[in-house]
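For the sequence shown, position 268 matches number 281 in my numbering, and the numbering has no gaps at all.
Heads up, the beta-carbon is just placed ideally off N, CA and C, and yes, glycines get one too.
Have a look at the structure below before the remarks.
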Amino acid sequence: MARAIEEAFRAAGVTGHLHAADIDTGREIGVGADEPVVLASVYKVPLLVAFFRLAARGALDPTTQVTLRPDERTEGGTGLTVMLDDVTMSLRDLACLMITVSDNAAADAVYARVGRDEINAALHALGLRRVHVVGDGQDLFDALLADSGTAGLGELWQRLDEPGMLDRLGSLDPSRTSYGTPRELTRLLAMIWRDEAAPAAECALMRRMLGLQVWPHRLSSGFPHDDVQVSGKTGTLLTLRNEIGVVEYPDGGRYSVAVFTRASETVAVQPRADAVIGTTARLAVEFLRA
């Protein structure tokens, strides 16, 4: 099965890393599961965990209202970033937007209240030593522009195929940006589903948010069945396409999955890279259910 997964990655024109595990039995399968990978927007899951752990301790009020003006919002193609007027909402609703539509502006507003040190402390407390967050979305975009010498993401896309450009971008290098391993990220998801990442009430809220994610083109595409629930969080950055999530079957089986890909083509639209996330996740889960 590992060979079949590797072949699927090759056929899609990507290099890939995967880990999948049965949340209840621990049975697992991996392809490069312990190699560090770039989190991109997957970092929002560790942020979510740290946020709700702070809320559970009473160190943060999740109902606190936050007002964001248009000129204060981090760049991104969804959510608050594209809105024209001031927006006021609670921190926990901002957290919901950062998960369900991968809203960068909402995520950075939550990050400002939680902080990098608290995120990494939460990860360490859970025994996850190979997942580390170095900054928020704005930090990532600033690093991309600084490394590339471009004035904006539009110019960066136009110059992305220049010789040496990809190698200069620290945001695509797990040793220079927020990183994790597929195995540890499936462990984090399993802890959320087993009420171990935070108290049970907070874990239930996290599961609800992850279950409301709107994107159907990656992990969910491998499980097109009305009675199979897929919860997850995508990550997208230039040539990277990622998703981590949990697949739940009506017979009670539940499986945490993490798939990280890097495409060889420097183009924005990567349907094969998107689809292979669902394909390889399905292969892995079918193996675990066999």
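Is the beta carbon of residue i less than 9 Å from the beta carbon of residue j?
i	j	result
Val243	Ile257	no
Val79	Ala122	yes
Leu225	Ala53	no
Ala156	Thr190	yes
Leu153	Ser161	no
Arg295	Val27	no
Leu251	Ser184	yes
Ala120	Gly150	yes
Pro83	Arg105	no
Val289	Leu198	no
Leu31	Gly43	yes
Leu201	Leu301	no
Val272	Asp186	no
Arg267	Gly245	no
Arg285	Ala125	no
Leu158	Leu166	yes
Ala21	Thr292	yes
Which class does residue i belong to by DSSP, given the choice of helix, strand or coil?
i	result
Ala303	coil
Arg267	strand
Asp98	coil
Val260	strand
Gly248	strand
Ile36	coil
Thr274	strand
Glu215	helix
Gly43	strand
His137	helix
Arg254	strand
Leu185	helix
Thr190	coil
Leu31	strand
Val147	coil
Kindly list the residues whose CB is nearer than 7 Å to the CB of residue i, restricted to its own chain and excluding five residues on each side of it in sequence; keep chain order.
i	result
Trp228	Thr247
Thr91	Val114, Ser115 and Asp116
Ala118	Leu81, Arg86, Thr87, Gly89, Gly92, Leu93 and Thr94
Leu218	Phe65
Tyr56	Val146 and Ser191
Glu278	Gly26
Given residue i, which residues of its chain have a CB within under 8 Å of its CB, disregarding the five upstream and five downstream residues?
i	result
Val127	Leu60, Ala63, Phe64, Leu67 and Leu73
Met222	Leu61, Ala108, Cys109, Ile112 and Thr113
Glu19	Gly29 and Val44
Gly99	The sequence given here places Asp at residue 99; Gly does not occur at that position. The residues are Thr80, Leu81, Arg82 and Pro83.
Could you tell me the boundaries of the alpha helix (DSSP H) in which residue i lies?
i	result
Asp152	Gly150 to Ser161
Gln171	Leu166 to Arg172
Met178	Met178 to Arg181
Leu60	Lys57 to Arg70
Ile112	Leu104 to Thr113
Val127	Asn117 to Val127
Glu19	Ala15 to Ala24
If you follow the beta strand (DSSP E) that residue i is part of, which residue opens it and which one closes it?
i	result
Gln226	Where Gln226 is concerned, there is no enclosing beta strand (DSSP E), given that its DSSP letter is neither H nor E.
Glu197	Segment Pro195 to Trp206 is the alpha helix (DSSP H) holding Glu197; no beta strand (DSSP E) there.
Gln78	Gln78 to Leu81
Under 8 Å from any heavy atom of the ligand ADP, does the C-beta of residue i make it?
i	result
Glu278	Looking for the ligand ADP in the displayed structure turns up nothing, as the structure carries no ligands at all.
For residue i, collect the residues of the same chain with a Cβ closer than 6 Å to its Cβ; drop the 5 residues on either side in sequence, then sort them by chain order.
i	result
Ala69	Ala211, Pro212 and Glu215
Exercise. Taking contact to mean at least 3 C-beta pairs separated by less than 8 Å, is the region 192 to 203 in contact with the region 133 to 144?
Worked result: yes
Problem set entry | Stretch pair the region 217 to 237 + the region 257 to 266: three plus CB contacts closer than 8 Å | yes
Exercise. Is the region 173 to 186 in contact with the region 28 to 45, if contact means three or more CB pairs nearer than 8 Å?
Worked result: no
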